[in-house]
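> Heads up: the sequence shown begins at 3 in our numbering, then just goes up one per residue.
Where a beta carbon is used, it is the ideal one built from N, C-alpha and C, also for glycine.
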Amino acid sequence: MASSVELKRVKKRFGTVEAVKAVSLSIEPGEFAVFVGPSGCGKSTLLRLIAGLEAPSEGSIHIGERDVTYVHPSKRGIAMVFQSYALYPHMSVAQNMAFGLEIRGFKREEVRAKVARAADILQLTELLDRKPRALSGGQRQRAAIGRAIVREPEVFLLDEPLSNLDAALRGQVRVELARLHARLGATMIYVTHDQVEAMTLASKIIVMNAGRVEQVGAPLELYHRPANAFVAGFLGSPRMNFLEGSVTSAHAEQVVVALASGPVLLSRNGTGLASGARVTLGVRPEDFRVLSDGPSYRNAIEGRLVLAERLGAETLVHVALDAASLATPIVIKIAGDLPAGAPGAKLRLAIDPDKCHLFDPEGTAISEAAAKLSVSA
Numbered sequence: 003m004a005s006s007v008e009l010k011r012v013k014k015r016f017g018t019v020e021a022v023k024a025v026s027l028s029i030e031p032g033e034f035a036v037f038v039g040p041s042g043c044g045k046s047t048l049l050r051l052i053a054g055l056e057a058p059s060e061g062s063i064h065i066g067e068r069d070v071t072y073v074h075p076s077k078r079g080i081a082m083v084f085q086s087y088a089l090y091p092h093m094s095v096a097q098n099m100a101f102g103l104e105i106r107g108f109k110r111e112e113v114r115a116k117v118a119r120a121a122d123i124l125q126l127t128e129l130l131d132r133k134p135r136a137l138s139g140g141q142r143q144r145a146a147i148g149r150a151i152v153r154e155p156e157v158f159l160l161d162e163p164l165s166n167l168d169a170a171l172r173g174q175v176r177v178e179l180a181r182l183h184a185r186l187g188a189t190m191i192y193v194t195h196d197q198v199e200a201m202t203l204a205s206k207i208i209v210m211n212a213g214r215v216e217q218v219g220a221p222l223e224l225y226h227r228p229a230n231a232f233v234a235g236f237l238g239s240p241r242m243n244f245l246e247g248s249v250t251s252a253h254a255e256q257v258v259v260a261l262a263s264g265p266v267l268l269s270r271n272g273t274g275l276a277s278g279a280r281v282t283l284g285v286r287p288e289d290f291r292v293l294s295d296g297p298s299y300r301n302a303i304e305g306r307l308v309l310a311e312r313l314g315a316e317t318l319v320h321v322a323l324d325a326a327s328l329a330t331p332i333v334i335k336i337a338g339d340l341p342a343g344a345p346g347a348k349l350r351l352a353i354d355p356d357k358c359h360l361f362d363p364e365g366t367a368i369s370e371a372a373a374k375l376s377v378s379a
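Structural data, given as structure tokens:
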């Protein structure tokens, strides 16, 4: 039975270092929640606190109706899947999956039934007699997940379980995890530094940075309405482009931002923005368009081609807007069959006025009104 998880102002200190800083968070029963962030942001520490492998310095942790802040891990109703498969090499898949139940005193018939059900869910039935050394990486990880399933926990905790797999296998197991969650309806909390995993698996993403929660929400909510520049830059591949500028005019239906490469008009509410205010314009790679030579176009900027990465269906084009940005060019995404030109070629780019983001000098998103004005060329 799926349970909720609630953290109330949880802190964790290691000596003088505060690894988790007053985190309050609610995860509903049956949600697939993903902690995502760069290395050292505190996401694995937070998972270990929920699991009971670490005790919080302050705050409380609840699973369902129970306060489990200082409850032993075995009594919390959780099952954990680690980055390492941690399978016993001398045991078969079936024995690995059954071991935890056997030492807890379950009857043999009940153990067999639980193992058979988990093996069927994970397509491991034909592999139950094999030892771990005879399995592929993906099969070993499924066996480790099966060991967690047989316990029928209230909450699954997964700590970067796909990190040891190659790219193709990660994609395959990622799909299997999503299908598993849909089939079990279980509460799952997943830790990763890979924003693609977060976007594709989560029903709720928790973006962390330096021990703090930066933003919580559904994947597309965070992608389209990031709370700050950190979230905007972390979610999305390639990352969002950031261009420094200043406001030249701001009205109820539009804002004009002056960039080093020219003015950009945004179709958004500019009420409250002062003329001359310093801002950062955020533009995702897919929200640029390469212009052909011809008449002038509103929101057009110019740059020089640095590199074109042809990936088949799409091409990532690195563009330097000026000499200073040669080492850190912006990245735009175009269709794979479009010509990009040779390095050094001049490019004219149009920015979609409806899909730009604005951030203040501290990196906080400047809120956007719901009503927008459609701006044409």
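How many Å lie between Gly148 and Pro155 at the Cα?
The residue labelled residue 148 in the question sits at position 146 within the sequence shown. The residue labelled residue 155 in the question sits at position 153 within the sequence shown. Taking the straight line from one Cα to the other gives about 12 Å.
> Do Met82 and Leu159 have their C-beta atoms closer together than 8 Å?
The count along the sequence shown starts at 1 and reaches residue 82 at position 80. The count along the sequence shown starts at 1 and reaches residue 159 at position 157. Closer than 8 Å, so yes.
> What three-state label does DSSP hand Ala53 in the structure shown?
Taking the first residue of the sequence shown as position 1, residue 53 is located at position 51. Here Ala53 sits in helix by DSSP.
> CB Leu283 to CB Leu261, shorter than 8 Å?
Start at 1 with the first residue of the sequence shown, and residue 283 comes out as number 281. Start at 1 with the first residue of the sequence shown, and residue 261 comes out as number 259. Yes, Cβ-Cβ distance for Leu283 and Leu261 is below 8 Å.
> Terminal residues of the continuous beta strand (DSSP E) containing Gln217?
Here residue 217 refers to the residue found at position 215 when the sequence shown is read from its first residue. From DSSP, the beta strand (DSSP E) with Gln217 extends over Arg214 to Gly219.
> With a CB to CB cut of under 7 Å and the five nearest residues on each side skipped, what residues in its chain are close to Leu171?
Here residue 171 corresponds to residue number 169 of the sequence shown, with the count starting at 1. Taken in chain order, the residues that qualify are Gly139 and Gly140.
> Roughly how many angstroms separate the alpha carbons of Ser94 and Asp122, rounded to a whole number?
Looking up residue 94 in the sequence shown gives position 92. Looking up residue 122 in the sequence shown gives position 120. Going by the C-alpha atoms only, they are around 16 Å apart.
> Taking the alpha-carbon positions, what's the Ser5 to Arg306 distance?
The sequence position of residue 5 within the sequence shown is 3, counting from 1. The sequence position of residue 306 within the sequence shown is 304, counting from 1. About 54 Å.
> What does a CB cutoff of less than 6 Å around Pro355 pick up in its chain, not counting 5 residues either side in sequence?
Translated into the one-based positions of the sequence shown, residue 355 becomes position 353. Correct list, in chain order: Leu267, Leu268, Ser269, Asn301 and Val377.
> Determine the closest residue to His359 out of Tyr87, Asn271, Ser59 and Thr317, with distance taken between C-alpha atoms.
Locating residue 359 in the sequence shown gives position 357, counting from the first residue. Taking only the C-alpha atoms, the option nearest His359 is Asn271.
> Taking the alpha carbon of Phe232 as the point to measure from, which residue in Tyr192, His74, Met210 and Ser76 has its own alpha carbon closest?
For the purposes of this step, residue 232 is taken as the residue at position 230 of the sequence shown. Of Tyr192, His74, Met210 and Ser76, the residue nearest in Cα terms is Met210.
> Taking C-alpha atoms, which residue in Asp324, Thr317, Arg185 and Val218 lies nearest to Glu246?
If you number the sequence shown from 1, residue 246 lands on position 244. The shortest C-alpha separation from Glu246 is found at Asp324.
> Out of curiosity, what's the CA-to-CA distance linking Ala118 and Thr127?
For the purposes of this step, residue 118 is taken as the residue at position 116 of the sequence shown. For the purposes of this step, residue 127 is taken as the residue at position 125 of the sequence shown. Going from the Cα of Ala118 to the Cα of Thr127 covers about 7 Å.
> According to the Cβ coordinates, are Pro228 and Ala204 closer than 8 Å?
Residue mapping note: residue 228 aligns to position 226 of the sequence shown, counting from 1. Residue mapping note: residue 204 aligns to position 202 of the sequence shown, counting from 1. No, they are not a contact pair.
> Taking just the CA atoms, how far does Val215 sit from Ser248?
For the purposes of this step, residue 248 is identified with residue 246 of the sequence shown, where counting begins at 1. For the purposes of this step, residue 215 is identified with residue 213 of the sequence shown, where counting begins at 1. C-alpha separation (whole angstroms): 29 Å.
> Could you spell out the range, first to last residue, of the alpha helix (DSSP H) harbouring Val198?
Locating residue 198 in the sequence shown gives position 196, where the first residue counts as 1. That run of the alpha helix (DSSP H) goes Gln197 to Leu203.
> Could you check the C-alpha separation between Leu380 and Glu111 for me, to the nearest Å?
Outside the shown range of the chain, which is 3 to 379, sits residue 380, and nothing can be said about it.
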